[in-house]
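Residue numbers (my numbering): 9 to 527. Don't be surprised by glycine CBs; every beta carbon is placed ideally from N, CA and C. Bear in mind that the values here come from a model prediction, so they are computed numbers and not experimental data. Worksheet: one structure, shown below.
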Amino acid sequence: MKPIKYKRQKRRGMTLVELIISMGILGIVLVAFINMFVFGAVNILNAGNKGVAYMSAQRDVDTQLANNETISEKEVSITFGAKTILIPGGVAQSTKSHASQSASQEVFIPYVPTIESITPSVISEGQSPLAQLSVLGTNTHFNNGTYAQIYDFFGNLIYTINSSDVILTNETEIVLNLPSNNAFLNSKSNYVIRIITPISAGKLEIARAKFSVTTPKIVLVTNGGLYVSASGDYWLKRSSMANFPSFDEITSGFYGNERYLAADSVGRILTTSHRQNWNSGLASLSEKMNDVFWSANLNKYFLVSDIGKVWSSVDLSSWTLETQLSRTVGETIQPVALTAISGDNTGRIIIGGNDGSIVRYDTVNGWSSSLDAIPSFVIKDVYLYKDDTQSFYLVVGSGGKVFTSTDGLNWIEDLLTPPNDLNSITYDTKNKRLIVDGEQGKIFQATPVINVSTGKLNWTGTNPGVSFATLNFTNVFYHMENDKVVISTTDTVYTFTSNYATYESTVFTGEIINDIFGQ
């Protein structure tokens, strides 16, 4: 058998030429990849630096806007149909650098038409009807076609002031003539006034302003309704306006806790505060209320009634009977009509009755009462005075008598104007004086300092004029904001300057004034 023969073929290496060609191709590829890597890395680095610069410029622009810094003025033209309008504005801009890169940021801020001021911008409900409102605009283009609309707080269109009632001064100043009876301006609402100016076909420039109406400063109640006033020289019958609740004869009221509270002869409670309608849906106590009070220290409202009851409430929706005053006559228990209530900032309360009885409250002893505390005396009004150095109770009523007490138990009589009744008390916070009015046009004043030896106040009489000698003053209220003394007879209100030198008067024909109160 023949041996098998193997044929071995030797592997041949690259020739020099092949080696050179391969090395050349490799070099070309390496150079391409290196260039791509280097340029990519550089671009990424530059993009990062530019991003940092851009972010820095953006922050700078944001800071300029946030700090309301001065920016450069600029106008941008915009075409509306065939008309080109230049829109004024400003440019907030910034250029920042990081490493070798820089970036710029620019923001255009248009000057929006705005109302710089409206005069007056705030009034009180019950102010005499405004004839005009003066408007000053910024970046506005008021013209002969400018008109205005008034909206209430709920977005309801209340009134449109046509262009014929707009007095044009220039592109930024106009005067709006208001309707003769703008009683719609009541404190249930803040109002928005839209000033509308046609600037081209179908294009309107609109600027807005807020007009505020606050709660009235003074309220007067009669057997026929409720009136409000801003200063006592003009009265608006609020009870005849829309959304006023049903009521009987409104007997008394008080302002406290930023709220007005009034009560009527069948125990309905009427109340309002800013941006709220008057309403009477809170409670009905079915008895005649003679006076109302708010105690800030006790955080309670109080009512006193014609049948000797004292009611309190913290929310005006639920009422608690605090105490009740009555006397036994023979075999009959008769309630004592409570006529007036007052208190101080320590939680003390005093209540007077029409038979000289006194009801007191303090946070230590609670409620207590004294029948015939001042015998044979009809209490018309009470007042509790307190300052940093002293406090005392004050009572006025029949026969021209004033009684003072430092403890509410022991009373010192002072006879001012017999036999005429004294009817009402108020305190003049600006001039620091107590004021009492009464029959035959009597007005008495005293600084609130008790004479240590007599226990009395030093009263002085004031005669505002001979013409008042036949009148019976029934209510008095001091209005600090206007420094005026508001005094009423049964059907007329006299609003005096604080020195009684001049006055305004308003007659409420056919009505009987029951109370005056306010802020």
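Assumed close pair residue i, residue j - CB separation to whole angstroms, cut-off 8 angstroms
i    : j    : result
W286 : L278 : 6 angstroms
Q135 : Y242 : 7 angstroms
T205 : N151 : 6 angstroms
V227 : F525 : 6 angstroms
S3   : L417 : Because residue 3 is not part of the residues shown, which for the chain are 9 to 527, the question remains open.
F485 : W467 : At roughly 19 angstroms, the Cβ-Cβ gap does not stay under 8 angstroms, so F485 and W467 are not in contact.
Exposure label - residue i; buried when at least 16 CB within 10 Å
i    : result
L424 : buried
Q342 : exposed
K218 : exposed
E133 : buried
K388 : buried
E81  : exposed
T223 : buried
V300 : buried
A238 : buried
E266 : exposed
Y14  : Low confidence applies here, because Y14 scores a pLDDT of 48, under 50, leaving its location unreliable; read the following figure in that light. So Y14 ends up on the exposed side.
S303 : buried
N373 : exposed
P472 : buried
N431 : buried
E83  : exposed
K211 : exposed
V174 : buried
When the options are compared against residue i, the one with the closest alpha-carbon
i    : options                : result
E330 : R368, A304, N298       : R368
V493 : V99, Q527, F301, I207  : Q527
F252 : F162, Q284, D396, V274 : Q284
V221 : D160, L165, S247       : D160
S108 : V300, V115, V60, V403  : V60
Q113 : E124, S105, Q101, D523 : Q101
I349 : Y235, G163, D395, I366 : I366
T414 : R441, V457, T437       : V457
T482 : G473, N466, D429       : D429
K317 : K308, K296, S288, V337 : K296
S384 : V174, K438, G360       : G360
T122 : I203, G232, N522       : I203
S313 : Q332, V337, E181, T180 : Q332
Y199 : N164, D70, I207        : N164
I443 : L346, I495, P426       : I495
R67  : I36, L24, T103         : T103
L144 : E421, S378, T127, V460 : T127
Q72  : L94, I95, V115         : V115
G449 : K464, T470, V515       : T470
For residue i: DSSP bridge partner residues
i    : result
F262 : L269
M297 : S313
D523 : V229
P118 : G97
K218 : V200
L176 : I182
I433 : V444
8 angstroms Cβ cutoff, residue i in contact with chain B
i    : result
E489 : Annotation note: the requested chain B is absent from the structure, which comprises a single protein chain.
heavy atom of the ligand GTP below 7 angstroms from residue i C-beta
i    : result
A270 : Annotation note on the ligand GTP: not contained in the displayed structure, which lists no ligands.
**Study point:** In chain order, each beta strand (DSSP E) run of at least 3 residues that lies wholly inside the region 316-341
**Key:** 317-321, 328-332, 334-337
Check your understanding: Taking the runs of the alpha helix (DSSP H) that are 4 residues or longer, which of them lie wholly in the region 342-395?
Key -> none
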